[in-house]
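A short write-up of the structure that comes next.
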Amino acid sequence: MNIKTRFAPSPTGYLHIGSLRTALYSFLFARHHAGVFLLRIEDTDRTRYVEGAIESLIKTLARMGLDYDEGPVLVDGRLEEKGENGPYTQSARLELYTEHARRLIEQGDAYYCFCSRERLEDARKAAELSRLPTKYDRTCLRLTPEEVRARLEAGEKPVVRLHIPEGETTFEDIIRGSVTIQNEQIDDQVLLKADGFPTYHLAVVVDDHLMGVTHIIRGEEWISSVPKHVHLYRAFGWAIPVYAHLPLILNPDKSKLSKRQGDVAVEEYLTKGYLPEALLNYVALLGFNPTGDREIYTLRELIEAFDLSKVNKSGAVFDVQKLDWMNGMYIRSMDLGTLMERAEPFLGGAGKALDAERLKKILAVEQERMTTLTEIVEHVRPYVESVAYDAALLVWKKSTKEDARAKLEGVHELLSAMAPQVFDDVALIETEVKRYIEDKGFENGPVLWPMRVALSGSQNSASPFQIAWILGREETLARLAHAIEYLSS
RNA sequence: GGCUCCAUCGUCUAAUGGUUAGGACGGCAGGUUCUCAUCCUGUAAAUGGGGGUUCGAUUCCCCCUGGAGUCACCA
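Listed below in structure tokens is the structure:
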């Protein structure tokens, strides 16, 4: 079978983490089987229209490296489409839905409903109070064809409802197996709204069929509406696709991942300095793991290893701590050139004071201390400006102010007497300073601590040798001199 | 509340009838070390409860409990 999957988000203005994983799994499944992956925009709710949301979605998908074979694309900033099954935006397919709804009415599988929202709302409240199911009471199903025609001609704007038959509905899900639901539990769902737009239920079924989608991969929250879709497929006489309902991604309190409890927008993580490949890797492992003893996978490897039937059934808490760890792993394993490219956009103003050579040195030293790319700014600061610090910080443990000054004077003397080329080599700086310490019979701490603080202005930093290497001879000596002066006053 | 889904360390997961129940994050304790970070070593930590089936259940079945999702002219 030629496999075809789709990612069908509604354009909300950002890509939800959960949607990212749904997109990823659909993508992985299609690519693993050398099938087709398409993007479709589900924008049938015009009350939720967001300007520029489609463009933003396309850009985010591109940044994440999830490419698709069919769907809307951005060409020179303009929206275009690729693929033979378009349009791929539901608001451009209204005609199709109307036709199909009409067909269902003619077949007796759907009917017009003229009930006012007010009446429906009251009925629902009453049902809730008496603890009865809040289903539509089928008032309009009992209308005669004459009555329907008369009200249509009178200009009333009805909705179209699916007529659910008696019995029960069973469907197969790759992840969950067989699921059965009694039809009496299912509402006569609205298919076509009064404004002529379809609801999700009509639109997905029509589009998935017309676009040739074979596998429907989506979140677990859709499971209870599958029977409605099955009825639609049957009414149209279409083959039912294969379903795979993914477990939910959860907040720490186990509820469905939502705003309020942290960031859910992929774009937000990207601007915070998380790497697309790390985010993808992390999210891929929320519900799926090829072996159980390995965590780092490239997209290629994920495609190779992906298996829908090995996807977990239970929800997974989104753990930022583990994401942080993974992002750090990716940053540390990155070569300097790449890291520099990736970090540059996050540098902002701090970058202007920096030439490429020095930035590269800083990155080489600070790479192992970074969790996200945004941190680059604070890691760069001590190298481009002197950080103010308390003189007391210069004194090593139980050593004294006088001792610290003496040691710094010694180091200053040593370094200023050395050939300038020594500063081009971290290892050389280290050897020289350590030899000096040994020759004098000192301990490392009383010398290196004040030296490091003098150079970094901070109690935590890279080693004094690394800082000296980055700062260069002149600035290193200047900072040492400043510290000595500081201790003398 | 009805219906549906789910249930292994705090978290992400591995093990589908036989393992000392494994790995990772985080925690804790060490090591390396001038500090932080990295790196390395060690350690605590789980099969929700009760019945079955079986020589033997994390694993299969049932019940309970717990959690979640869903009950719109939103997706």
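Numbering (numbering that gives the first Met the number 0), first residue to last: 0 to 488. Glycine included, each C-beta is placed from N, C-alpha and C at the ideal position.
Which value, in whole angstroms, describes the spacing of the CA atoms of residue i and residue j?
| i | j | result |
| --- | --- | --- |
| residue 318 | residue 158 | 43 Å |
| residue 361 | residue 408 | 26 Å |
| residue 223 | residue 237 | 20 Å |
| residue 436 | residue 405 | 13 Å |
| residue 490 | residue 4 | There is simply no residue 490 to check, as the chain begins at 0 and stops at 488 in what is shown. |
| residue 216 | residue 192 | 26 Å |
| residue 391 | residue 348 | 31 Å |
| residue 104 | residue 187 | 13 Å |
| residue 497 | residue 1 | One cannot answer for residue 497 here, as it falls past the ends of the chain, which runs 0 to 488. |
| residue 381 | residue 346 | 14 Å |
| residue 233 | residue 376 | 59 Å |
| residue 113 | residue 183 | 22 Å |
| residue 37 | residue 425 | 52 Å |
| residue 35 | residue 225 | 23 Å |
| residue 309 | residue 323 | 26 Å |
| residue 16 | residue 258 | 11 Å |
| residue 285 | residue 142 | 50 Å |
| residue 396 | residue 449 | 10 Å |
| residue 422 | residue 434 | 16 Å |
| residue 307 | residue 148 | 49 Å |
| residue 150 | residue 163 | 23 Å |
| residue 23 | residue 297 | 13 Å |
| residue 459 | residue 211 | 59 Å |
| residue 343 | residue 355 | 10 Å |
| residue 288 | residue 51 | 36 Å |
| residue 8 | residue 116 | 27 Å |
| residue 290 | residue 301 | 12 Å |
Round the Cβ separation of residue i and residue j to the nearest angstrom and send it over; I've been treating them as touching at under 8 Å.
| i | j | result |
| --- | --- | --- |
| residue 393 | residue 477 | That pair is no contact at about 15 Å. |
| residue 493 | residue 10 | This structure cannot speak to residue 493, because the chain is shown only from 0 to 488. |
| residue 165 | residue 180 | Not a contact, Cβ separation roughly 13 Å. |
| residue 504 | residue 209 | Within the shown structure, residues of the chain are numbered from 0 to 488, placing residue 504 beyond reach of any answer. |
| residue 490 | residue 62 | Nothing can be reported for residue 490: it is not among the residues displayed for the chain, which extend from 0 to 488. |
| residue 172 | residue 242 | 5 Å |
| residue 479 | residue 378 | Not confirmed; about 22 Å, so no contact. |
Is it buried or exposed, residue i, if we count other Cβ atoms within 10 angstroms and call 16 or more buried?
| i | result |
| --- | --- |
| residue 282 | buried |
| residue 227 | buried |
| residue 386 | exposed |
| residue 144 | exposed |
| residue 240 | buried |
| residue 108 | buried |
| residue 295 | exposed |
| residue 445 | buried |
| residue 465 | buried |
| residue 280 | buried |
| residue 78 | exposed |
| residue 352 | exposed |
| residue 456 | buried |
| residue 140 | exposed |
| residue 430 | exposed |
| residue 475 | buried |
| residue 451 | buried |
| residue 293 | exposed |
In chain order, what residues of the same chain have a beta carbon less than 8 Å from the beta carbon of residue i, not counting five sequence neighbours either side?
| i | result |
| --- | --- |
| residue 440 | none |
| residue 219 | 244, 245, 246, 247, 314 |
| residue 341 | 274, 333, 372 |
| residue 551 | Outside the modelled stretch of the chain, which goes from 0 to 488, sits residue 551, for which no answer is possible. |
| residue 20 | 245, 248, 282, 283, 285, 286 |
Excluding the 5 residues flanking residue i on each side, which residues of the same chain have their C-beta closer than 7 Å to its C-beta?
| i | result |
| --- | --- |
| residue 326 | 273, 274, 277, 370, 371 |
| residue 127 | 133 |
| residue 469 | 357, 360, 361, 364, 382 |
| residue 123 | 133 |
| residue 229 | 168, 170, 239 |
By Cβ distance, which residues of its chain are closer than 6 Å to residue i, with the 5 residues on each side in sequence left out?
| i | result |
| --- | --- |
| residue 264 | 13 |
| residue 260 | 250 |
| residue 87 | 39, 70, 71, 80 |
| residue 146 | none |
| residue 200 | 188, 227 |
| residue 6 | 22, 25, 38 |
* Asked: If you pair each beta-carbon of the stretch 330-340 with each one of the stretch 356-368, do three or more pairs fall below 8 Å?
  -> yes
* To do: Indicate whether the contact test is met: 3 or more Cβ pairs, each with one atom in the stretch 306-315 and one in the stretch 40-49, closer than 8 Å.
  => The count of Cβ pairs closer than 8 Å, one atom from the stretch 306-315 and one from the stretch 40-49, stays below three, leaving the stretches out of contact.
* Asked: Three or more beta-carbon pairs under 8 Å between the stretch 50-57 and the stretch 70-85, yes or no?
  -> yes
* **Any 3 or more C-beta pairs closer than 8 Å across the stretch 85-102 and the stretch 200-210** => yes
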